[in-house]
Each structure stands twice: as structure tokens, then as C-alpha cells.
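Participant:
Number of protein chains: 2
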Amino acid sequence: MIAEIIAVGSEMLTPYRQDTNSLALTAELNKLGVTVAFKTILGDTFDHLVDAVRIALRRADLVMISGGLGPTEDDLTREAVAAALGVGMTRDAAVVDALKLRFAKRGIAVREINFKQGDVIDGADLLPNANGTAPGQWLATEFEGNERFIVLLPGPPRELTALYAEQVQPRLQMVAPKRYIATAQLRMAVVPESEVDARTSPIYTTYADVQTTILSTQGEIQLHFQTSARTLDEAQERVDEVAGRCEREMIDFVFSSNGESLEQVVLLMMGMRNMRLATAESCTGGLVAQRLTAVPGSSRSFAGGVVAYADELKTAFMDVPRELIQQHGAVSEEVARAIAEGIRTRTGADLGLGITGIAGPGGATLNKPVGRVYLALAGPDGTTAQELNLNGDRERIRWFSSQHALAMLRRRLQ
Amino acid sequence: MIAEIIAVGSEMLTPYRQDTNSLALTAELNKLGVTVAFKTILGDTFDHLVDAVRIALRRADLVMISGGLGPTEDDLTREAVAAALGVGMTRDAAVVDALKLRFAKRGIAVREINFKQGDVIDGADLLPNANGTAPGQWLATEFEGNERFIVLLPGPPRELTALYAEQVQPRLQMVAPKRYIATAQLRMAVVPESEVDARTSPIYTTYADVQTTILSTQGEIQLHFQTSARTLDEAQERVDEVAGRCEREMIDFVFSSNGESLEQVVLLMMGMRNMRLATAESCTGGLVAQRLTAVPGSSRSFAGGVVAYADELKTAFMDVPRELIQQHGAVSEEVARAIAEGIRTRTGADLGLGITGIAGPGGATLNKPVGRVYLALAGPDGTTAQELNLNGDRERIRWFSSQHALAMLRRRLQ
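Residue numbers (the working numbering), protein chains in the order written: chain A, 662 to 1075; chain S, 662 to 1075.
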């Protein structure tokens, strides 16, 4: 069963507001094995609405519409759905009476326009709204020869979620085909998306029943797998199989198959080995420390660190000889090694991580361009170093530096 | 001129990801007097895409499509737009050569599938992408008798925004009808949204022609004003008037009326006074240092700092007497003052900022709950301190701590 979610409201067409109801609705629909294939967001314009409802009824089995059920001139969802179906509406006397009572209680005069909240599309069930004045509606109908379900929901999130849970979910459960959805995911660090795709698509394309999505976020590639089956076990087995095969193919890069972040994985590995880390950051300015300490309980494995932006601080806090900086420059493998070893010694941590580089836009020299970064990791077995040449702006260079640093840590801990 | 924004990507049909590009695009389009009337979000399914493009071309003058321009099997936007228009594509030799060069430089073998990024829809202009491998495309065409503009943009936000600004905006400016829109904004730190609204709504509601929006993001309230007029001067005068009146009302909290971030404002003020800051962070774990160093040129006013997660580091790097920590606890005003003064002395900076607190979820004690944070600022005129009692989860508490710390710095520098 395929669904389209339509969000109605002009405010969601401004640069400031977004439709968020669809996220909660999608989570609920997926639980019933219903796939959301389309989302449409539009304003309270009658012709636009009528067309959008018709388009949705052509391409989706289930059309969920939120918003536009209020009592103002602008609220046109009921009228538009009736027009799209070519049917009429009947005003529900009980809703009208309840509105009169509600207004009387508050001592406000009820206006004729308020009563349109009682207009029920012919053939629809009214869905009482415990948290507001606008009832929802549920309609099973035929459209251009296909069986279709239409749900009208109020826009305010707390009204919508309560109404969905109490009245829509039980109805959908009756009509949705019995399918169970299972998901799996793999997370990989510092590997190009095209390489992941080239190596895994020969695997995942052979699973036509599994929907595979590659997501590329900053310095991380995620593979998401989803399928449905008649039992949850069957569905889970299927996604686990394809995820397992892709994981073996990308084993050097996969840091998590259970959803943990790279920070969490690194902290977990240090925790298991009873090791503590200290950081000495220059160009990343505390980003690595900040990412690690964002994880609850990180104090067990993270001792702390120094943000040595000024060169004097590299000397004062990490005992880096002034001459070393003068000889090789603050951005050099030698200084990365010295700050990694210095912070390790000064803090007594098991591991010392050093990062120095040119994040830009200024600071480049003749032989050291923006994006040149040196990482060093000092440990009981010695110090290793890595040179990076990163593209992009300051934000990207800093983030990727931190991402490579965490990936370097993970490799060392493996 | 009416626009539809189509966001392509299966991940945006999950409960986890949302289209965010459309917000930035809407802001830009509004500046040109273009109204966004529809947004459609759908996955990488060829038939769905072709239909969606046709639907958009029927109801909008301008169709902006983001995503689906990558080098994988999933990326079908180019093909779908060509099919919707019933035209072919031609592979651009320069794009293919650039891809070969790019991969050769990195020592990775380029694959045949990568070259599809050079497929240009017949009649389209290629829009080079300075930040990624997928070029955009611009197409002015006729569809069912109407003049239409189609723009294909890469999905990653930083690629999309740069490409829009450099190449799409100038083209749109040529074809969009002339209207002048002026905007103004005020940014305020650590003040409740309800207070801002209660104090400014009596002002802004008297300007019926100005659209005013209050936005609340983490620890920051923004007031956005927008209006249009026959001349830019006229529009600007109008928004400047209402913004000026609201600014005077909220003068204690407004840190910027020109769009600068709180970090930028603080660095600017230190720069003007020739002052340097050093930070000593415990619960924020480097977040303040990271936020400041994210600003280009911050090295002039930011010396560096220490992330003193473990208590030993507070002693080793900031000379905090062990007994002080034992007596008052690491989370105390006394320790906040000691680390602020210690980091100031050790680094020779003009200002020393100290933060210690309980970000949770663990770490609370009988008389110090999660959310208790102490800030201290040491300077040439002495040390001031502040106690915070913050609500929310670890991420929120850390963020708000950094926000209050920057606001404290700003007040001191004023």
C-alpha cells in the first residue's frame, strides 16, 4: 500500500516553517507496512488543492491530508476533497451543537463560518477531535476505478497525533495488507560515495525486494536497507542478509551496523580497552573534543584536551620546542607528532591525538595550501601520522579533519 | 511568477530525514518576488519522477529540482526531466574529462557510471559545480504551450546554495518580473520567545504591510521583517522603521541587526578592543572554542583553550588547587572562577572564560541537579560569575551553556 501525505498551509511555503507532521505520520504508516511515496506541501488555494488531491488519488492508495480544517475562509480542505471526488457535503448537527455549546461556555458569539467544521464529505466518517474543534474525516471510496482511502487530519501536531492514534490507526490496520517492515543500516567513514556504490550495488541490486538507499552526510556514508514481508522474521532475515554481504565488502570502512555514531564507536572501543584519550587541536579548534564529549558517559574514556590556536600555547601546554615550530612551521607533521606526544605525556592519557592544519580561508603558504592538515596519534606503541589534503570551505575542512581523526583512532583501536 | 520545488531522494520519505534545501531556496526566490506555491518530495523512482515533473510544469512557471544528480544507479533526475519533456541528452566531453582528471588525481579508477553526471538535457545549460562532481542544469523551454524554467540542482546543501548563488540567481533575475523586496532582522540571545512577542507585537502589528516572523532556534530568537514596494528604497525604509522600533524595545538582548552570529559579534568586539580570549571548558567539552574558531580570522582574538574533562587537568593546566575541587566540587562557582582565572594567567590572554556544569544524563548530586552550570569570566577588572539552571537533554544543556557564555562575554565587552 502506497501513501501520499499532503500538508496544507501557506506558512509551510515560507523560508521559516516546515511540515513536520509527515515525519511522525511516516513512522506510524511504516509500522503498518505502508510506504510513503510522495509528500506534497501547498497553500490554502482552492484550485491548487483540488488538483493536488486528484493527483494524489491517481498515484497513491492512501491520501493523508493535514491542515485546512479550521473555521476560517482560508480553510478549504473539506471543500477541495469533496470537489476532487465530485461529491457533496452534509452538515453534521452534533458538531454544530457542540460548537454552539463551546462558544456559549466561553461567552463568545459563534459565527456562521464556524459551523463549516461540521461539513462532512458524503460517504465519510467523522473523526472526533478531543484536543480541538476541527474533527477529522475518514473516507473509503473509489477513484477512477481504484479503491482509495482518504484521511483528513487537523494541522496542529498534538491534535493530529492523538487523532491518528485513536481513530485512524485502527481503521488503517483493518484495511492495510498484512506486511511487516524490517530495516538495517551500515555506517562508513571517509570513503567516497561512488566507491561505496560501485562496490555494493552489484550486491544490493540482486535484492529487488529490498529498498536500498545511500545517504552521504559530511564524511560519512550510510547504507539503509528496508523490506516488507508477511512476517517480521522473514523481512528481518532478508535485510540482514543483504546488509551482511555489503558489510563484508566494505569491512575496512564500516564502523557501525547498529546505528552508533563514529564518536560512540571510538569511545566504546576505548572503554573496552580501558584506555583514555587526550586531544591537542589547532585548526579544528575543539571540534574533536566537542564531538566526543557530546556522547553521554564520555568522561570515562576522554580525559580532555587543549585547543592550541596560538603557537605559544603549543609550547606552554604541550612542551613543543619553539625551534621545532620555527623550523617546520606550525602546520607540519613534526608539530602534529609533537603536540600528540606532548598532550599524552602532560595528561598521562594512553592516547594523544594531535591535529594541525590550515582551515582557511587565510593562512595558506607557498608550499602549504588551504586544506593541508596533519594528524598524529601517539600511543604506547609509538606515534603514527597522516597528511590530509582536503577540499572545500573552512567548515568542511574542519569537519573532515575531525572525521579523519576519529577514523584514524578507530583503526588504531581495532 | 510561481515556483514548485521538487526534492528528490528516498531518504526524505523516511521518518528520519527532511527536505531542508527548500527553505533556503524559498528565501532566495522570495527575494526575486517569486512565490513558492508547491513543494513535492519523492523518491528515486523513474515513473514517479517523470509524472511529478510533468505535474509541476503544468502548475508552476519555475520548477526547481534538487537531488538525484549523483553518479549512482539511483540518480535519475536528469533522465526523468528529459523523458518528461520528450527530449534526449548529450554527454558533455568537458565534464567527462574533468571527472577523469579528478579521479586520476586521487588515484581512484573512474567508472563508466560516473560519466552520466555529464549528461546534458537537450537545450539545457550546464551549471558547473565548484563544490562537487554533479553539475546543475538550467533549461528555458515551452511545455504544453507555456513558457517554463527548469533548474536541476545537486542535493548536498553546500553544493546547492553555492551553485544557486553563482549561477541560478543571475539567470532568474533576468526572467523574473521586477518587484522590490526588502528585509530586516534582529537576533537576540537568551531571552524567551514569549517575552519577545509580548513586547514587540504591539509594535509590529501596526505595520500591516510588513510580514513579521518570530523564529526561535536554540537559545536565540530572531525577528524577521519583509515587505515589498515599488522601489527598493521605499521597501527598505519601511522594514528599517519597524526593525528599529523593535530593536530599541529589546535593546538589552539584541546582539545583531546585520545578520552576524553571536560568535562573530563577540570576536568583532574583542578585535576592536585588541583583546584576546582563552577558554577553560568542562561540561561544554570544547563547544565554545569550536564555535569561536569556526569563524574565519578568529585566531586574532582567540588564543586557545583547555577542555578539562578530568579533574587532574584542571589542576595541571589551570593550577586549580586540588583542595578547592575537593571542598566545593568540580561543579561550583569557586571552580568556575578558578579555571577562568587559571586559563587567563597561564595563557596571558586578556579574558579567561570558565565553564563547569552537569550536562547529564548522569552526574547529578543531591544539591546539584542536571542542568546546573557555572560560568565565570576573568578579566583585567576582576572576575564575574553566573549560575545557570538549564532544562533539557545533554545536547541542549551544552548548547545553552555555550550560548549563555557567549552572551556573558558580549555584555562584558559592551
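We treat Cβ as the ideally placed atom computed from N, Cα and C, and that holds for glycine.
1. Gly966 (chain A) and Gly947 (chain S) - do their beta-carbons sit closer together than 9 Å?
2. Thinking C-alpha only, which one of S:Ala770, S:Leu760, S:Arg763 and S:Val812 is nearest Ile782 (chain S)?
3. Sorted by chain position, which residues of the same chain lie with C-beta nearer than 6 Å to Ser704 (chain A)'s C-beta, five sequence neighbours on each side aside?
4. What residues in its chain sit with their C-beta under 7 Å from that of Cys907 (chain A), if we drop five residues either side in the sequence?
5. If the cut is a Cβ gap below 9 Å, which residues of chain A does His1087 (chain S) touch?
6. Flag this pair as yes or no: are the beta carbons of Met936 (chain A) and Ser962 (chain A) separated by less than 9 Å?
7. Any C-beta of chain S sitting closer than 9 Å to the C-beta of Arg720 (chain A)?
8. Do you know how far the Cα of Pro838 (chain A) is from the Cα of Leu787 (chain S)?
9. Any beta carbon of chain A sitting closer than 9 Å to that of Thr892 (chain S)?
10. Is it the case that the Cβ atoms of Ala950 (chain A) and Val927 (chain A) are separated by a distance below 9 Å?
11. Note down the Cα distance separating Leu1049 (chain S) from Thr706 (chain A), rounded to an integer number of angstroms.
12. Can you tell me whether Tyr1035 (chain A) is helix, strand or coil according to DSSP?
13. Which full runs of the beta strand (DSSP E) of 3+ residues lie inside the region 689-731 of chain S, going along the chain?
14. Comparing C-alpha positions only, which one of S:Arg840, S:Gln798, S:Ala685 and S:Gln778 sits nearest to Leu693 (chain S)?
15. Which value, in whole angstroms, describes the spacing of the CA atoms of Leu833 (chain S) and Ile726 (chain S)?
16. Just to confirm, are Phe722 (chain A) and Phe810 (chain A) a CB contact at a threshold of 9 Å?
17. Which of the three DSSP states is assigned to Leu938 (chain S) in this structure?
18. Give me the Cβ distance between Thr738 (chain A) and Leu710 (chain A), rounded to the nearest whole Å; I'm assuming they're in contact under 8 Å.
19. Report yes or no: is there a C-beta of chain C within less than 9 Å of the C-beta of Asn691 (chain S)?
20. Under 9 Å, do Ser1062 (chain A) and Ile1016 (chain A) count as touching if we go by C-beta distance?
21. Establish whether the CB of Arg909 (chain A) and some CB of chain S are separated by less than 9 Å.
22. What in chain A is Cβ-close to Tyr825 (chain S), meaning under 9 Å?
23. Less than 9 Å between CB atoms is the rule here; does Leu948 (chain S) satisfy it with respect to chain A?
24. Going by Cα to Cα distance, which pick from S:Pro815, S:Gly1024, S:Asp913 and S:Gln887 is closest to Ser943 (chain S)?
25. Tell me whether Glu820 (chain A) is buried or exposed, calling it buried when 16 or more other Cβ atoms sit within 10 Å of its Cβ.
26. Less than 9 Å between CB atoms is the rule here; does Asp858 (chain A) satisfy it with respect to chain S?
27. Taking any Cβ of chain A, which residues in the region 944-969 of chain S have a Cβ under 9 Å from it, in chain order?
28. Please report the straight-line C-alpha distance between Thr874 (chain S) and Ile1058 (chain A), rounded to a whole angstrom.
29. Give me the Cα-Cα distance between Leu1077 (chain S) and Ile702 (chain A), rounded to the nearest whole angstrom.
30. Can you tell me whether Asp735 (chain S) is buried or exposed, with buried defined as 16 or more other CB within 10 angstroms of its CB?
31. Cα-Cα, which of S:Thr940, S:Val695, S:Ser917 and S:Asn682 is closest to Ala664 (chain S)?
32. Only counting the same chain, and skipping five residues up and downstream in sequence, which positions put a Cβ closer than 6 Å to that of Ala1068 (chain S)?
33. If the cut is a Cβ gap below 7 Å, which residues of chain A does Asn792 (chain S) touch?
34. Taking the alpha carbon of Val1034 (chain S) as the point to measure from, which residue in S:Arg1072, S:Met835, S:Ala1001 and S:Glu994 has its own alpha carbon closest?
35. If you measure beta-carbon to beta-carbon, which residues of the region 708-741 of chain S are closer than 8 Å to chain A?
36. Mind pulling the chain A residues with CB within less than 8 Å of Thr874 (chain S)?
Facilitator: The structure says:
1. Going by beta carbons, Gly947 (chain S) and Gly966 (chain A) fall inside the 9 Å limit.
2. That would be S:Val812, whose Cα lies nearest to the Cα of Ile782 (chain S).
3. It should be noted that the sequence gives Gly, not Ser, for residue 704 (chain A). The answer, listed in chain order, is Ser671 and Leu674.
4. In the same chain as Cys907 (chain A), and ignoring 5 residues on each side of it, the C-beta atoms closer than 7 Å to its own belong to Leu847, Thr861, Ile864, Tyr865 and Leu884, in chain order.
5. Any question about residue 1087 (chain S) goes unanswered here, given that chain S covers just 662 to 1075.
6. Between Met936 (chain A) and Ser962 (chain A), the C-beta spacing is below 9 Å.
7. Answer yes: the Cβ-Cβ gap between Arg720 (chain A) and chain S drops below 9 Å somewhere.
8. If you take the alpha carbons of Leu787 (chain S) and Pro838 (chain A), they lie about 45 Å apart.
9. Not an interface residue.
10. Contact check for Ala950 (chain A) against Val927 (chain A) fails: the beta carbons are separated by 9 Å or more.
11. If I take the Cα positions, the gap works out to 47 Å.
12. Looking at Tyr1035 (chain A) - three-state DSSP - the assignment turns out to be strand.
13. For the region 689-731 of chain S, whole beta strand (DSSP E) runs of length 3 or above, ordered along the chain, are 696-703 and 723-727.
14. When each option's Cα is compared against that of Leu693 (chain S), the closest is S:Arg840.
15. Cα to Cα, the separation comes out at about 15 Å.
16. According to the sequence displayed, residue 722 (chain A) carries Asp and not Phe. Cβ atoms of Asp722 (chain A) and Phe810 (chain A): closer than 9 Å.
17. In this structure, Leu938 (chain S) counts as strand in the three-state DSSP scheme.
18. Sure, about 7 Å apart at Cβ, within 8 Å.
19. No chain C appears in the structure shown, which is made up of the protein chains A and S.
20. Going by C-beta atoms, Ser1062 (chain A) is nearer than 9 Å to Ile1016 (chain A).
21. Against chain S, the CB of Arg909 (chain A) has no partner CB under 9 Å away; the residue lies outside that interface.
22. Close to Tyr825 (chain S), with beta-carbon spacing below 9 Å, lies no residue of chain A; the smallest spacing is near 13 Å.
23. In terms of beta-carbon proximity, Leu948 (chain S) lines the interface with chain A, with at least one pair separated by less than 9 Å.
24. Of the listed residues, the one whose Cα sits closest to Ser943 (chain S) is S:Gly1024.
25. By the Cβ-count criterion, Glu820 (chain A) is buried, with 16 or more other Cβ atoms from all chains shown falling within 10 Å of its own Cβ.
26. It does; some Cβ of chain S falls within 9 Å.
27. Within the region 944-969 of chain S, the residues whose Cβ lies closer than 9 Å to any Cβ of chain A are, in chain order, Cys944, Thr945, Gly946, Gly947, Leu948, Val949, Ala950, Gln951, Arg952, Leu953, Thr954, Ala955, Val956, Pro957, Gly958, Ser959, Ser960, Phe963, Ala964, Gly965, Gly966, Val967, Val968 and Ala969.
28. Computed Cα separation, rounded: 34 Å.
29. This structure cannot settle anything about residue 1077 (chain S), because the visible part of chain S is limited to 662 through 1075.
30. So Asp735 (chain S) ends up on the buried side.
31. Selected option, being the one with the closest Cα: S:Val695.
32. Excluding five sequence positions before and after Ala1068 (chain S), the CB atoms of its chain that fall closer than 6 Å to its own CB belong to Ala850 and Val851, given in chain order.
33. One finds Gly1053 in chain A with Cβ atoms closer than 7 Å to the Cβ of Asn792 (chain S), taken in chain order.
34. Nearest C-alpha to Val1034 (chain S): S:Glu994.
35. Flagged, chain order: His709, Asp712, Ala713, Ile716, Arg720, Gly731, Pro732, Thr733, Glu734 and Asp735.
36. Proximity of chain A to Thr874 (chain S) at the Cβ level (cut-off 8 Å) is accounted for by Thr675 and Tyr677, in chain order.
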